[in-house]
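Each remark here refers to the structure printed beneath this line.
There are 2 protein chains.
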Amino acid sequence: MKAELISVGTELLLGNIVNTNASFLAEQCARLGISVYYQSVVGDNKERLSETLKTALSRSDVVILTGGLGPTKDDLTKETVAEVLGRQLVEDAHSRKRIEAYFAGSRHRIIPDNNWKQAQIPEGAIAVDNENGTAPGIIAEHNGKTVIMLPGPPNEMIPMFTISIAPFLNRLQPEVIYSQTVKICGLGESLVETMIGDLIDGQSNPTVAPYAKTGEVHLRITAKAPDKESAFRLIEPVSAELAKRFGNHIYSTDDKETLEESIASLLKKKNLTIATAESCTGGLVSGRLVNVPGVSDVFKAGFVTYANEAKTEFLGVSEETLRAYGAVSEQTAEEMARGGASKAGCDLCISVTGIAGPDGGTDDKPVGLVYMGCFLNGKVTVRKFIFKGNRSKIRENAVVNALIFVRDCILEDIE
Amino acid sequence: MKAELISVGTELLLGNIVNTNASFLAEQCARLGISVYYQSVVGDNKERLSETLKTALSRSDVVILTGGLGPTKDDLTKETVAEVLGRQLVEDAHSRKRIEAYFAGSRHRIIPDNNWKQAQIPEGAIAVDNENGTAPGIIAEHNGKTVIMLPGPPNEMIPMFTISIAPFLNRLQPEVIYSQTVKICGLGESLVETMIGDLIDGQSNPTVAPYAKTGEVHLRITAKAPDKESAFRLIEPVSAELAKRFGNHIYSTDDKETLEESIASLLKKKNLTIATAESCTGGLVSGRLVNVPGVSDVFKAGFVTYANEAKTEFLGVSEETLRAYGAVSEQTAEEMARGGASKAGCDLCISVTGIAGPDGGTDDKPVGLVYMGCFLNGKVTVRKFIFKGNRSKIRENAVVNALIFVRDCILEDIE
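Keeping their order, the protein sequence lines are chains U and W. No gaps in the numbering here: position 51 of the first sequence is 51 in the UniProt record's numbering, and each next residue is one more. No gaps in the numbering here: position 1 of the second sequence is 1 in the UniProt record's numbering, and each next residue is one more.
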């Protein structure tokens with residue numbers, strides 16, 4: 001099955017926003033085993049949208065449009081689709097009630113007239129509930145093709161797609177598609193690809209596809225089968241093989257779990273508390289930990305000791321160490337981690353000190369040099385990194401490698 | 001002049017990466033006064049790319065392609081464009097030398113054979129130097145239309161566009177286009193739009209266009225004129241008018257300066273040092289400050305006191321206050337700011353404490369409630385916010401509003 005994406009919105013054409021809707025939908029389609037060969041962006045313009053839609057319908061089975069379903073005159077996705085399909089717009093009673101209920105629960109009790117426009121859908125189409133806004137999604141079948149219209153705001157579109165559209169698309173397919181994601185940290189993308197080369201070569205069902213992000217590689221195992229159970233039976237041996245190959249480098253097989261969430265669970269399970277002691281990352285490591293709701297059970301305190309005096313005063317790094325080895329050194333990282341754990345009264349403390357640039361590098365200590373210390377059970381392990389890229393890239397890499405370091409130390413401690 | 005963007009790459013079709021190239025180029029075109037009515041994404045597929053390019057050439061004056069200029073067999077943008085334009089690929093001697101020089105300076109001294117493919121360009125086309133990679137950019141003129149091919153990696157594409165392509169496009173236009181960005185913080189998007197409604201209505205040259213990002217609104221003034229000086233003469237009175245209307249809410253008129261950079265400059269100018277005391281933002285406020293190279297002159301230390309005990313121990317918040325008013329209260333924010341400044345020995349300290357959710361909200365203290373305190377000159381000012389959205393949105397809003405709060409306090413202190 002071939003799908004095509006059309007994103008509607010002048011703000012996309014002006015480069016005012018990045019088209020994250022298209023990447024989300026493309027990834028979801030890939031996950032459902034649906035091929036996407038084309039994506040387009042057009043403005044809120046009837047003629048150009050109409051032309052783009054006609055081209056899409058001529059070459060794809062499913063056309064997914066996002067945006068242009070708002071209440072204003074500028075929004076004309078629905079009107080244009082209805083025209084291209086030769087349908088009238090009619091009011092959907094259920095959507096009208098839903099809009100009424102939506103406004104009843106909001107601060108704006110008076111419903112602007114133009115919001116009723118949002119209850120209209122092309123004759124014979126299906127309205128899809130929007131749990132986070134007024135515009136319903138719309139599914140219209142036409143000569144064996146399917147046109148799906150979704151609202152533009154990602155916080156409305158993503159839940160609607162996940163709850164209603166993905167299962168609908170899955171039913172359109174002769175076989176169901178299920179996938180599992182195996183999330184790996186601490187190994188580079190090329191190494192991971194090399195390690196699964198034999199699985200990728202000549203694979204058909206299930207398939208394994210790698211997706212890289214900073215410090216992580218996600219391997220998605222996707223199976224097609226007549227039903228969910230058979231799909232899982234196909235996935236299971238591949239998942240077991242990956243577990244054998246990557247062992248502790250796998251931090252999760254749950255689609256939704258993030259690296260910091262897996263670390264927070266690990267800390268909870270082991271009854272460990274953590275503190276952070278950061279210099280060049282400036283609080284971004286603790287910021288990642290605080291992404292996790294309820295992290296207060298395990299994360300107690302973080303120190304951002306950017307100045308040398310702060311390293312001495314709040315972490316107890318000795319002035320002698322700073323003088324002899326410098327702020328970016330194995331010794332300082334070691335003392336920062338030890339001091340942070342002691343001051344915060346935590347079982348574990350991760351420290352980060354480095355040269356993020358663009359200035360401050362020397363031949364001995366180039367920009368990108370980062371030392372990290374991890375204190376656990378009275379002992380500090382130190383790691384040295386040399387990251388490439390600009391200031392923000394170096395710091396981003398340092399943050400994720402600090403998290404991986406923490407995870408490694410906990411896992412080694414367990415063994 | 002009408003331009004159209006074609007992004008080439010299977011990883012875009014699979015949703016593996018977000019198409020930031022398209023938003024960058026769209027914004028740059030808007031800035032140059034070039035209209036973009038269509039953007040497309042296609043995979044590395046000769047037939048589909050050829051079809052998309054022909055459609056684009058039929059309706060636009062300039063077609064900008066990104067991606068598919070690499071050395072592998074998969075990369076076939078250049079081959080496809082040459083075929084559509086009816087040209088041969090020929091070796092560009094200058095590009096061959098540049099590739100040789102590029103490899104001479106790298107760790108890989110042996111040049112892989114397929115890299116020579118990158119020195120080829122369509123006959124009669126212009127090769128554009130790539131300062132950050134091997135693939136040259138290419139400009140080919142064809143029947144009064146222009147096809148521009150750029151490498152896909154943003155760190156190669158963006159400098160190449162800025163240095164070579166933007167001036168080239170500007171020369172294609174009968175008049176030059178220049179713009180200035182006036183960056184506003186602390187006012188909502190709709191309020192800013194209302195305040196400049198009269199300037200937007202009936203504007204022609206220069207134009208003013210608002211661009212919103214979290215906590216900020218950027219107003220871009222764009223003028224067309226026969227030369228740079230005349231363009232600036234058109235921009236100047238509008239810029240002055242905006243300065244009059246928005247006063248201190250304007251933090252910069254420099255395209256590249258960020259909010260945190262402007263705050264760091266302000267602190268330096270006033271000879272003030274700053275500390276942070278964060279709870280729900282978990283270090284992201286200090287993380288923003290450390291975005292600024294050389295911030296160590298003014299930023300000394302940050303405390304991430306997520307646990308109540310940490311608030312007491314490291315910031316001196318009294319247990320009595322925490323018991324009586326709770327961790328998310330005016331009183332706690334006040335004591336956090338005062339304590340942070342005193343412990344770090346800084347002139348200024350910003351504190352943030354709030355309920356980022358999804359749990360922990362009550363009728364009295366809902367999810368999204370955030371108190372901030374700003375200590376300066378012995379006095380703490382407290383602000384209360386109720387932010388909407390999920391945990392990450394609430395924290396993102398809290399971070400930028402904390403920065404704006406710091407800026408406001410410094411400016412009030414100056415007056």
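Note that CB positions come from ideal geometry on N, CA and C, so glycine has one too. These numbers were taken from a predicted model, which means no experiment stands behind them.
Ends of the alpha helix (DSSP H) at residue 314 of chain W? Looking at the DSSP string, the run of the alpha helix (DSSP H) that includes residue 314 of chain W is 308 to 315.
Who are residue 252 of chain W's beta bridge partners in DSSP? Residue 252 of chain W pairs with W:183.
Tell me whether the stretch 300 to 308 of chain U and the stretch 24 to 37 of chain W touch, counting them as touching only if at least three CB pairs, one residue from each stretch, are closer than 8 Å. Contact between the stretch 300 to 308 of chain U and the stretch 24 to 37 of chain W is absent, because fewer than three Cβ pairs lie under 8 Å.
Cβ neighbours of residue 154 of chain U in the same chain (closer than 8 Å, five flanking residues each side left out): Same-chain partners within the cutoff: 20, 21 and 24.
To the nearest angstrom, how far is the alpha carbon of residue 232 of chain W from that of residue 70 of chain W? If you draw a straight line from the Cα of residue 232 of chain W to the Cα of residue 70 of chain W, it is about 40 Å long.
Can you find the residues in the same chain that come closer than 8 Å, C-beta to C-beta, to residue 53 of chain U, ignoring five residues on each side of it along the sequence? Closer than 8 Å at the Cβ level, and outside the excluded window around residue 53 of chain U, lie 6, 63, 65, 80, 81, 84 and 147.
Suppose you measure from the CA of residue 141 of chain U to the CA of residue 87 of chain U; what does that come to, to the nearest Å? The alpha-carbon atoms of residue 141 of chain U and residue 87 of chain U are separated by roughly 11 Å.
Going along chain U in order, which residues have a C-beta closer than 9 Å to the C-beta of residue 359 of chain W? The answer, in chain order, is 293 and 294.
Residue 15 of chain W to residue 226 of chain W, Cα distance in whole Å? If you draw a straight line from the Cα of residue 15 of chain W to the Cα of residue 226 of chain W, it comes to about 43 Å.
Less than 9 Å separating the beta-carbons of residue 417 of chain U and residue 10 of chain U? What is shown of chain U runs 1 to 415, which leaves residue 417 of chain U out entirely.
Three-state secondary structure (DSSP) at residue 141 of chain U? Taken through DSSP and simplified to helix, strand or coil, residue 141 of chain U comes out as strand.
Does the beta-carbon of residue 131 of chain U have 16 or more other beta-carbons within 10 angstroms, so that it is buried, or is it exposed? Residue 131 of chain U is exposed by the Cβ-count criterion.
How should residue 118 of chain U be labelled, buried or exposed, when 16 other C-beta atoms within 10 angstroms of its C-beta is the threshold for buried? By the neighbour-count rule (16 or more Cβ atoms within 10 Å), residue 118 of chain U is buried.
Starting from the beta carbon of residue 394 of chain U, find every residue of chain W whose beta carbon is closer than 7 Å, and list them in chain order. None at all; the shortest Cβ gap to chain W is about 11 Å.
Measure the Cβ-Cβ separation of residue 266 of chain U and residue 394 of chain U and say whether it is below 9 Å. The beta carbons of residue 266 of chain U and residue 394 of chain U sit no closer together than 9 Å.
Using a beta-carbon distance below 9 Å, is residue 371 of chain W in contact with chain U? Not an interface residue.
Under 9 Å between C-beta atoms, does residue 348 of chain U make it to chain W? Judged by the 9 Å Cβ criterion, residue 348 of chain U is not in contact with chain W.
Whose C-beta lies closer than 8 Å to the C-beta of residue 13 of chain W among residues of the same chain, with five residues either side of it excluded? The beta carbon of residue 13 of chain W sits closer than 8 Å to the beta carbons of 41, 42 and 43 from its chain, once the five residues preceding and following it are set aside; these are given in chain order.
Could you check whether the Cβ of residue 321 of chain U sits closer than 9 Å to any Cβ belonging to chain W? Output row for residue 321 of chain U: interface = no.
Cβ-based burial, residue 392 of chain U [other Cβ within 10 Å; buried from 16]: Result: exposed.
Exposed or buried, what is residue 242 of chain U when buried is set at 16 or more other beta-carbons lying within 10 Å of its beta-carbon? Here residue 242 of chain U is buried: its Cβ has 16 or more other Cβ atoms, across all protein chains shown, within 10 Å.
Residue 384 of chain U bridges to which residues according to DSSP? Residue 384 of chain U pairs with U:371.
Tell me which same chain residues have a C-beta within less than 6 Å of the C-beta of residue 402 of chain W, skipping the five on either side of it? Excluding residues within five positions, the ones whose Cβ falls inside 6 Å are 285, 350, 352 and 372.
Return the CA-CA distance between residue 59 of chain W and residue 195 of chain W, expressed in angstroms with no decimal places. Cα atoms of residue 59 of chain W and residue 195 of chain W: separation of roughly 38 Å, rounded to the nearest angstrom.
Report the residues of the stretch 130 to 154 of chain W with a CB closer than 7 Å to any CB of chain U, ordered along the chain. From the stretch 130 to 154 of chain W, no residue has a Cβ closer than 7 Å to chain U.
Smallest Cα separation from residue 376 of chain U: which of U:271, U:400 and U:177? The option with the nearest alpha carbon to residue 376 of chain U is U:271.
Cutoff 9 Å: residue 326 of chain U Cβ touching any chain W Cβ: No, residue 326 of chain U does not count as interfacial toward chain W.
If you measure beta-carbon to beta-carbon, which residues of the stretch 7 to 39 of chain W are closer than 8 Å to chain U? Within the stretch 7 to 39 of chain W, the qualifying residues are 12, 13, 14, 15, 16, 17, 18, 19, 20, 22, 23, 24, 25, 26, 27, 28, 29, 30, 36, 37, 38 and 39.
Under 9 Å, Cβ to Cβ, is there at least one residue of chain U near residue 289 of chain W? So yes, residue 289 of chain W belongs to the interface.
Can you give me the Cβ contacts of residue 347 of chain U inside the same chain, cut-off strictly under 6 Å, excluding the 5 residues immediately before and after it? Excluding sequence neighbours, residue 347 of chain U sits near 272 and 273.
From the DSSP secondary-structure annotation, give me the bridge partner or partners of residue 376 of chain U. The partner list for residue 376 of chain U (beta bridge, DSSP) reads U:348 and U:379.
Residue-chain proximity (residue 305 of chain U, chain W), Cβ-Cβ < 9 Å: So yes, residue 305 of chain U belongs to the interface.
Using three-state DSSP, classify residue 321 of chain W as helix, strand or coil. It is helical.
Opposite residue 209 of chain W in the DSSP bridges: which residues? Residue 209 of chain W is bridged to W:220.
So is residue 342 of chain W in contact with chain U if we call contact Cβ pairs under 9 Å? Contact with chain U is absent for residue 342 of chain W, since none of that chain's Cβ atoms lies less than 9 Å from the residue's Cβ.
Evaluate residue 190 of chain W with the Cβ neighbour count: other Cβ atoms within 10 Å of its Cβ, from every protein chain shown; 16 or more gives buried, anything less gives exposed. With fewer than 16 other beta carbons inside 10 angstroms of its own, residue 190 of chain W counts as exposed.
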